[in-house]
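This report refers to the structure that appears directly beneath it.
Numbering (my numbering), first residue to last: 3 to 471.
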């Protein structure tokens with residue numbers, strides 16, 4: 003085809019033998035060919051150069067972005083390191099300052115200085131306020147035995163009491179609650195009126211902390227008000243308020259006695275629990291009168307308190323309470339007799355093993371167990387009782403006391419008397435039907451003869467005469 007590359011190639015090939023003319027023609031033809039094809043060579047080269055320019059620009063852009071990111075990361079690293087170094091330096095500075103302040107406050111609390119301001123020397127800087135406050139609060143919470151009056155004066159002298167009174171008026175309940183708590187720590191007597199107002203706060207936590215603060219301040223004129231909060235279980239938790247009253251120690255006994263008639267039945271029971279925790283034997287006669295109260299909860303709590311305060315004269319009254327028509331009173335009376343160790347009540351406690359209520363039987367059996375040899379003997383005597391529940395409770399408690407194991411060990415004792423007593427004991431236990439422990443011993447007792455004997459007895463297969471002798 004004329005003008006095509008193939009035809010031109012053929013023409014060139016045909017003229018290669020023409021020597022110089024042929025070569026010149028061939029070169030001229032090639033130049034003409036490239037020129038005639040529209041600058042094929044130039045456009046091809048230009049295309050290659052044009053393709054390389056966008057790639058170069060992309061690489062440059064990525065390099066710039068990476069550099070910027072690296073600079074940012076470097077700056078952030080420097081910022082973090084610098085901030086940490088600054089923070090550590092401040093912590094060291096404040097640590098030294100705190101130790102200095104702590105030594106000065108401690109010197110004041112030990113009585114080496116009359117006023118805290120004098121002990122602090124250069125005064126309290128604004129930035130020291132929170133540090134000194136924390137030191138004072140920790141000395142209270144850690145129970146280091148610091149003089150409470152000195153602590154109270156310190157809080158007042160440094161203006162913390164006024165600050166807390168202001169916070170007690172804040173809108174947020176958590177601010178009011180914390181302020182009330184700190185006023186109690188400070189034992190700020192002049193804060194009592196504000197704390198009494200806080201007893202009517204809309205928030206239960208504020209009310210409780212105000213009550214606890216009043217208890218810590220301990221003004222005798224305020225204690226009856228705290229006792230009467232027991233009449234409002236919907237506003238004050240009975241358990242938490244009881245703890246507040248218990249924290250007053252034996253000094254709360256007289257105010258409770260004086261306010262008792264103003265309390266509703268449920269509050270009276272809680273008040274008796276407080277007396278049970280902090281009372282002394284001197285309150286015994288008053289408690290014995292409460293055994294006649296028409297409310298069963300009051301009678302039962304009074305019986306418990308008589309045991310815990312250790313009123314040794316309460317035994318006869320508690321024996322009478324074993325016959326109370328309400329089973330909670332009988333159950334608590336049985337336990338209180340054990341607490342007092344009142345052995346004259348053993349016959350009545352044995353009779354209580356026949357009670358229709360499990361709690362009464364259980365407490366009576368436990369009381370007999372802790373009364374020593376006399377009580378254990380009474381439990382053994384109940385193995386022949388006609389009441390099945392009494393027998394069951396007696397066996398269970400004798401197992402708990404280790405008596406059953408002792409009797410089994412004596413089954414082949416050299417003493418005929420002990421041997422017969424032990425075998426009669428085993429017979430009675432088997433008749434009662436409570437054979438769990440005997441079955442265990444029949445399988446794992448160290449003595450082969452004992453295991454064989456128990457196995458025969460439990461199978462209802464009486465051993466031969468030679469084994470019994």
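Backbone N, C-alpha and C define an ideal beta-carbon position, used for all residues, glycine too.
Remember, it's a predicted structure, so these values are computed and weren't measured experimentally.
query	result
Can you check whether the CB of residue 156 is closer than 7 Å to the CB of residue 169?	no
Are the CB atoms of residue 381 and residue 400 within a distance shorter than 7 Å?	yes
Compute the Euclidean distance between the alpha carbons of residue 40 and residue 74, then round it to the nearest angstrom.	Since pLDDT at residue 40 reaches only 45, below the 50 mark, its modelled position is unreliable, and the value read off the structure follows with that caveat. Roughly 53 Å between the two C-alpha positions.
Following the continuous alpha helix (DSSP H) through residue 180, name the residue where it begins and the one where it ends.	175-188
If you scan the region 198-255 from start to end, which runs of the alpha helix (DSSP H) of 4 or more residues do you find wholly inside it?	206-219, 225-230 and 240-248
With DSSP collapsed to three states, give me the class of residue 352.	helix
Suppose the cutoff is 6 Å on Cβ atoms and the five residues either side in sequence are ignored; what does the same chain contact list for residue 344 look like?	317
Return helix, strand or coil for residue 433, following the three-state DSSP convention.	helix
By a C-beta neighbour count over all protein chains shown, 10 Å radius and 16 as the cutoff for buried, is residue 130 buried or exposed?	buried
Can you tell me whether residue 116 is buried or exposed? The criterion is at least 16 other CB atoms within 10 Å of its CB, across all chains shown.	exposed
Could you pull out every unbroken beta strand (DSSP E) segment of at least 3 residues lying fully inside the region 342-418, listed in chain order?	none
CB residue 252 to CB residue 229, shorter than 7 Å?	no
Give the straight-line distance between the Cα atoms of residue 223 and residue 283, rounded to the nearest whole angstrom.	25 Å
What is the DSSP secondary structure of residue 57, reduced to helix, strand or coil?	helix
Note down the Cα distance separating residue 441 from residue 432, rounded to an integer number of angstroms.	10 Å
Compute the beta-carbon to beta-carbon distance between residue 424 and residue 405, rounded to the nearest angstrom, for a pair I have assumed lies under 8 Å.	No, residue 424 and residue 405 are not in contact; Cβ-Cβ is about 10 Å, not under 8 Å.
Alpha helix (DSSP H) containing residue 315: first to last residue?	Residue 315 -> no alpha helix (DSSP H), and no H or E assigned at all.
Give the DSSP-derived three-state secondary structure of residue 296 in the structure shown.	coil
Between residue 388 and residue 302, what straight-line distance do the alpha-carbon atoms span, to the nearest angstrom?	29 Å
Quick one: using the 10 Å Cβ neighbour count with 16 as the cut-off for buried, is residue 50 buried or exposed?	Here residue 50 scores only 43 on pLDDT, less than 50, and its place in the model should not be relied on; the value that follows carries that caveat. With fewer than 16 other Cβ atoms within 10 Å, it is exposed.
Nearest-angstrom Cα distance between residue 112 and residue 160?	18 Å
Could you tell me the alpha carbon to alpha carbon distance between residue 456 and residue 450, rounded to whole angstroms?	10 Å
Have a look at 311, 330 and 227 and flag the residue whose alpha-carbon is nearest the alpha-carbon of residue 202.	227
Can you give the beta carbon distance from residue 295 to residue 304, rounded, assuming they're within the 8 Å contact cut?	7 Å
What does the alpha-carbon distance come out to for the pair residue 327 and residue 291?	17 Å
Quick check: the Cα distance between residue 47 and residue 55, rounded to an integer number of angstroms?	With a pLDDT of 41 at residue 47, under the threshold of 50, the predicted position of this residue should be treated as unreliable, though the coordinate-derived value follows. The alpha-carbon atoms of residue 47 and residue 55 are separated by roughly 13 Å.
With a Cβ-Cβ cutoff of 7 Å, do residue 266 and residue 233 count as a contact?	yes
Specify the secondary structure class of residue 272 as computed by DSSP and reduced to three states.	helix
Roughly how many angstroms lie between the CA atoms of residue 133 and residue 311, to the nearest whole one?	44 Å
So what does DSSP say about residue 330, is it helix, strand or coil?	helix
To the nearest whole angstrom, what separates the beta carbons of residue 351 and residue 366, a pair I think is in contact under 8 Å?	5 Å
Using a 10 Å radius around the Cβ and a threshold of 16 neighbouring Cβ atoms, would you call residue 459 buried or exposed?	buried
Measure from the alpha carbon of residue 372 to the alpha carbon of each residue in 341, 394 and 94, then state which is nearest.	341
Alpha carbon to alpha carbon, what distance is there between residue 454 and residue 448?	11 Å
Just mark residue 357 as buried or exposed, buried being the case when its beta carbon has 16 or more other beta carbons within 10 Å.	buried
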